[in-house]
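J.: Residue numbers (our numbering): 27 to 128.
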Amino acid sequence: MAGVFIQLEVLKIKRFDSLNEEWLEFIKKNRAQGGTQHTYDIVIGPVADDNTMQTIQLYISGILTGEEAVKRLRYSKVNNQVSFHTEKALAYLRFIGREKYE
């Protein structure tokens, strides 16, 4: 069973469906300024990890444009994450079951 995610109107949620220039700017702002530079309760989307970091650093430093970075990232193996940023978001987490895989 994969995680079940029900969108709630009471939570401010940002969803990135792909590696695009909006996602790059979001990562750049949060990396450059440190801490959490947004007001979302939950952020869903690609993870900025070892598979993407070199390209992201080249973009942040101005060596690559957003378009160039997105083209390079297209070939990266990317995982997605659901990131909870507020106590309010955590309050809505519910355990609904488990499955054992061998």
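No residue lacks a Cβ here, since even glycine has one placed at the ideal position from N, Cα and C. No experiment lies behind these values; they were computed from the predicted model shown.
Could you give the first and the last residue of the continuous alpha helix (DSSP H) run that contains Q107?
T.: Q107 -> not in any alpha helix (DSSP H); beta strand (DSSP E) instead, spanning 106 to 110.
J.: DSSP on V69, reduced to helix/strand/coil?
T.: In the structure shown, V69 sits in a strand (DSSP, three-state: E or B).
J.: Can you tell me where the alpha helix (DSSP H) with K114 in it begins and where it stops?
T.: Run containing K114: 113 to 117, per the alpha helix (DSSP H) assignment.
J.: Could you name the residues of the same chain whose beta carbon sits closer than 6 Å to that of K38, not counting the 5 residues immediately before and after it, in chain order?
T.: Taken in chain order, the residues that qualify are Y66, D67.
J.: Are the CB atoms of A115 and I86 nearer to each other than 8 Å?
T.: Against a cut-off of 8 Å, the Cβ pair of I86 and A115 comes out as no contact.
J.: So, using beta-carbon positions, are I70 and R41 closer together than 8 Å?
T.: Contact: yes.
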